[in-house]
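The next block holds one structure in the form of structure tokens; read it before the comments.
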Amino acid sequence: MLIRFRKKADFEHYRSSLLPANARLGFVPTMGALHRGHLALIKRALDECDLVACSIFVNPTQFNQAHDLQHYPRTEEKDLQQLLEVGCSWLFLPTIEEIYPEGPEKAPKPFSFGELEKVLEGAHRPGHFAGVAQVVSRLLQIVKPHALYMGQKDYQQTLIVRAMLQQMQSKVKLVVCPTVREKDGLALSSRNLRLQAEQRKLAPKIYQYLQEARQSFLERPSAFRQIEKRYLEKLGQLPDFRPEYFSFARAHDLKLLSELPAEQPPPASQTVLCTAVWIGPVRLIDNLMMGEDVLPTKKTSTQPQAGENG
Ligand code: AMP
Numbered sequence: 037m038l039i040r041f042r043k044k045a046d047f048e049h050y051r052s053s054l055l056p057a058n059a060r061l062g063f064v065p066t067m068g069a070l071h072r073g074h075l076a077l078i079k080r081a082l083d084e085c086d087l088v089a090c091s092i093f094v095n096p097t098q099f100n101q102a103h104d105l106q107h108y109p110r111t112e113e114k115d116l117q118q119l120l121e122v123g124c125s126w127l128f129l130p131t132i133e134e135i136y137p138e139g140p141e142k143a144p145k146p147f148s149f150g151e152l153e154k155v156l157e158g159a160h161r162p163g164h165f166a167g168v169a170q171v172v173s174r175l176l177q178i179v180k181p182h183a184l185y186m187g188q189k190d191y192q193q194t195l196i197v198r199a200m201l202q203q204m205q206s207k208v209k210l211v212v213c214p215t216v217r218e219k220d221g222l223a224l225s226s227r228n229l230r231l232q233a234e235q236r237k238l239a240p241k242i243y244q245y246l247q248e249a250r251q252s253f254l255e256r257p258s259a260f261r262q263i264e265k266r267y268l269e270k271l272g273q274l275p276d277f278r279p280e281y282f283s284f285a286r287a288h289d290l291k292l293l294s295e296l297p298a299e300q301p302p303p304a305s306q307t308v309l310c311t312a313v314w315i316g317p318v319r320l321i322d323n324l325m326m327g328e329d330v331l332p333t334k335k336t337s338t339q340p341q342a343g344e345n346g
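Right under this line is the structure:
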């Protein structure tokens with residue numbers, strides 16, 4: 037059974053009366069338009085917790101472009117069906133007023149993440165991570181979960197949320213789950229729904245290039261600048277594609293390799309390759325860890341591996 041809550045007070049009331057003592061509550065925050073990537077987080081939470089709450093809230097304070105917010109896909113009925121089928125226990129569907137009683141523009145953004153919020157996504161989406169931390173912290177105060185499940189697809193977001201939990205001195209356990217992909221390698225994203233047929237056909241190039249670049253990096257890590265340049269060019273040559281970045285970074289703090297002293301390159305296992313690409317009006321992100329343990333064989337190099345970290 038899926039219980040739906042629109043009001044924060046109702047959620048809080050039911051949480052205190054329905055959650056058995058010692059039961060573990062898992063939480064999966066989403067913006068809806070649910071797909072197998074979201075469902076994988078819910079399934080993992082169901083495996084590890086007694087009850088799972090999911091939220092659907094398209095958070096206005098993390099969108100830096102009004103157009104993106106307006107066009108963000110909303111598929112509430114289908115979402116409900118999928119949550120029922122997967123066995124999610126509680127769904128929190130708040131209004132903007134419930135989360136931001138003072139109004140989204142006036143709501144304080146109490147966290148600061150230094151360089152981590154200014155690099156990569158932060159550089160291209162100013163204020164995005166302040167909005168993410170703001171909404172996740174507010175949701176955590178309402179849901180009060182024991183564990184929080186997030187996807188590696190939004191790699192930088194997981195580092196921001198980890199840092200936020202530290203700043204809050206929170207005991208919530210953050211569980212980062214592997215990126216779920218289409219058969220052709222494209223990372224599942226709610227925004228994929230907005231791709232036109234021709235754009236959708238080419239979109240798997242993003243993952244293909246990440247994999248090729250990983251292969252080149254593992255063969256010659258010192259050539260990372262040339263690799264970044266080569267694949268930025270290749271992406272830019274595809275019709276409707278406009279890459280924003282294709283950058284190697286140190287996995288734990290996203291310091292760019294291009295800005296680290298040459299004599300201190302992190303090992304491949306602690307290097308991540310991140311990219312953001314516009315395809316027409318749709319902006320997609322993806323990433324790949326450079327660790328050799330996840331290097332695919334040549335034969336399957338464009339095929340996603342089951343449960344592969346991406
Ligand atoms: P969103 O609804 O896009 O805000 O995403 C909600 C959660 O689902 C975030 O923790 C995302 O990282 C995660 N997520 C989105 N797409 C995927 C995917 N393809 N694989 C795994 N997790 C994902």
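Position one of the sequence shown corresponds to residue 37 (this note's numbering), numbered consecutively onward. From the three backbone atoms N, C-alpha and C, an ideal C-beta is built for every residue, glycine too. Fair warning: this is a prediction, and the values are worked out from it, not measured in the lab.
When the Cα of K154 is compared with those of L246, D289, I315, which residue comes out closest?
D289
Please find out if some non-hydrogen atom of ligand 1 comes closer than 7 angstroms to the beta-carbon of P65.
yes
DSSP on K44, reduced to helix/strand/coil?
helix
Just the Cα atoms here: how many angstroms apart are Q306 and L293?
11 angstroms
Straight-line CA distance for F147 to D104?
Straight-line Cα distance between these residues: approximately 24 angstroms.
In terms of residue numbering, what span does the beta strand (DSSP E) encompassing R278 cover?
Element bounds for R278: 277-286.
Helix or strand or just coil, what does DSSP make of K110?
Residue identity check: residue 110 is Arg in the sequence provided, not Lys. DSSP places R110 in coil when its eight states are reduced to three.
To which residues of the same chain is G158 closer than 6 angstroms at the C-beta, ignoring the five residues directly before and after it?
Cβ neighbours of G158 beyond the five flanking positions: F165.
Suppose you measure from the CA of P137 to the CA of R278; what does that come to, to the nearest Å?
38 angstroms
Please report the Cβ distance between G123 and L77, rounded to the nearest whole angstrom; I am assuming they are in contact, meaning their Cβ atoms lie under 8 angstroms.
13 angstroms between Cβ atoms; not a contact.
Pull up the DSSP beta-bridge partners for T307, would you.
R286
Tell me whether L201, by its Cβ, gets closer than 7 angstroms to a heavy atom of ligand 1.
Checking the Cβ of L201 against ligand 1 gives no.
Leaving out five residues before and five after F99 in sequence, what residues of the same chain have Cβ atoms less than 6 angstroms from its Cβ?
L105
Is it true that the stretch 309-328 meets the stretch 181-192, where meeting means three or more beta-carbon pairs spaced less than 8 angstroms apart?
yes
Thinking C-beta only, is F284 closer than 8 angstroms to L184?
no
Excluding sequence positions up to five away, which residues of its chain have a Cβ less than 7 angstroms from the Cβ of G327?
A304, S305
Please list the terminal residues of the continuous alpha helix (DSSP H) segment that includes G272.
260-272
Between which two residues does the beta strand (DSSP E) containing Y350 stretch?
Residue 350 is absent from the structure shown; the chain starts at 37 and stops at 346.
Rounded to whole angstroms, what is the Cα-Cα separation between R110 and L309?
30 angstroms
I believe I242 touches W126 by the beta-carbon criterion, under 8 angstroms. Please report the beta-carbon distance rounded to the nearest angstrom.
34 angstroms between Cβ atoms; not a contact.
Less than 7 angstroms between the CB of V216 and some heavy atom of ligand 1, yes or no?
yes
Within a Cβ cutoff of 6 angstroms, which residues of the same chain sit near M37, ignoring the five residues on either side of it in sequence?
none
Cα-Cα separation, K43 to S225
Rounded to whole angstroms, K43 and S225 show a C-alpha spacing of 27 angstroms.
Using a Cβ-based criterion (distance less than 7 angstroms to any ligand heavy atom), does A76 qualify as near ligand 1?
A76: yes, Cβ under 7 angstroms from ligand 1.
Quick one: give me the first and last residue of the beta strand (DSSP E) that T66 is part of.
61-66
Count the other CB atoms, across all protein chains shown, that sit within 10 Å of the CB of L175; report buried if there are 16 or more and exposed otherwise.
buried
Can you list, in chain order, the residues of its chain whose CB lies under 6 angstroms from that of H182, leaving out five sequence neighbours each side?
Exclusion of the five residues before and after H182 leaves R60, L61 as the residues of its chain whose Cβ lies within less than 6 angstroms of its Cβ.
Limits of the beta strand (DSSP E) - the one that Q322 falls within
In the sequence under discussion, the amino acid at residue 322 is Asp, which differs from the Gln named in the question. First-last of the beta strand (DSSP E) with D322: 318-325.
Decide if the stretch 82-92 is in contact with the stretch 64-71; the criterion is three or more beta carbon pairs, one per stretch, under 8 angstroms apart.
yes
State yes or no: is the C-beta of A223 nearer than 7 angstroms to some heavy atom of ligand 1?
Checking the Cβ of A223 against ligand 1 gives yes.
From the DSSP output, which residues share a beta bridge with F128?
F41, S91
Just to confirm, is the Cβ distance from I135 to E48 under 8 angstroms?
no
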